[in-house]
Amino acid sequence: MPVIRAAETVVHEMHNTRFTAMVRPGTGSTELCVWRIEIAPGTVGVAHTIHREEAFVVLSGTAILTIDGEASPVEVGDAAVANAGSIISLTNPGADPATLLVTTSVGFTGELPDGTIVNPPWVN
Numbered sequence: 154m155p156v157i158r159a160a161e162t163v164v165h166e167m168h169n170t171r172f173t174a175m176v177r178p179g180t181g182s183t184e185l186c187v188w189r190i191e192i193a194p195g196t197v198g199v200a201h202t203i204h205r206e207e208a209f210v211v212l213s214g215t216a217i218l219t220i221d222g223e224a225s226p227v228e229v230g231d232a233a234v235a236n237a238g239s240i241i242s243l244t245n246p247g248a249d250p251a252t253l254l255v256t257t258s259v260g261f262t263g264e265l266p267d268g269t270i271v272n273p274p275w276v277n
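Position 67 (the sequence shown) corresponds to 220 in the working numbering; numbering is contiguous.
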């Protein structure tokens with residue numbers, strides 16, 4: 154059974170958020186990607202279109218998840234799903250970091266408002 158040790162994970166930073174890559178093709182997965190994000194306090198999320206479905210579970214703190222213009226506060230234990238083609242953003246208006254577990258399928262990409270396609274390294 155492949156085990157991905159915490160000490161072996163790779164951390165990436167983008168838009169004031171830390172992405173800890175866990176399950177992905179680089180660690181042996183052929184279908185799924187899982188990563189942990191830590192959103193710094195006071196961070197305003199960058200809206201972007203997702204090309205694959207994403208699921209979110211809040212592990213600590215609180216955040217505001219916006220999907221297609223509908224903003225919803227999420228807190229510890231809450232889960233949400235954003236369908237492929239959705240425009241999403243995650244904002245942390247609080248004074249503490251917000252940590253979420255995120256999953257999607259291999260091949261995930263996103264598109265920034267300026268049309269830039271992002272192929273995030275935490276899903277490769």
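Ideal placement from N, C-alpha and C gives every residue a C-beta, glycine not left out.
Since the model is a prediction, treat every value here as computed from it, not as a measurement.
Residues in the same chain with beta-carbon distance under 6 angstroms from residue 272, minus the five sequence neighbours each way, listed in chain order, please.
262.
When DSSP labels each residue in this structure, what does residue 156 get in the three-state scheme?
Looking at residue 156 - three-state DSSP - the assignment turns out to be coil, as it is neither helix nor strand.
Evaluate the contact criterion for the region 159–168 versus the region 205–220: three or more CB pairs, one atom per stretch, below 8 angstroms.
No: the two stretches stay apart, fewer than three of their Cβ pairs being nearer than 8 angstroms.
If you follow the beta strand (DSSP E) that residue 185 is in, where does it begin and where does it stop?
Residue 185 -> beta strand (DSSP E) spans 185–192.
Residues bridged to residue 228 by DSSP?
Residue 228 pairs with 215.
Let's test the definition: count the other Cβ atoms within 10 Å of the Cβ of residue 270 and tell me whether it reaches 16, buried, or not, exposed.
So residue 270 ends up on the exposed side.
If you drop the 5 nearest sequence neighbours on each side, which residues of the same chain put their C-beta closer than 6 angstroms to that of residue 208?
So the list reads 234, 256, once near-sequence residues are dropped.
In this structure, how does DSSP classify residue 176 when only helix, strand and coil are distinguished?
The answer is strand: DSSP assigns residue 176 an E or B state.
Could you tell me the boundaries of the beta strand (DSSP E) in which residue 255 lies?
Its beta strand (DSSP E) spans residues 251–258.
Give the DSSP-derived three-state secondary structure of residue 234 in the structure shown.
Note: residue 234 maps to strand in three-state DSSP.
Am I right that residue 205 and residue 232 are in contact with their C-beta atoms under 8 angstroms? What's the rounded C-beta distance?
Not quite, the Cβ-Cβ distance comes to about 17 angstroms (not below 8 angstroms), so this is no contact.
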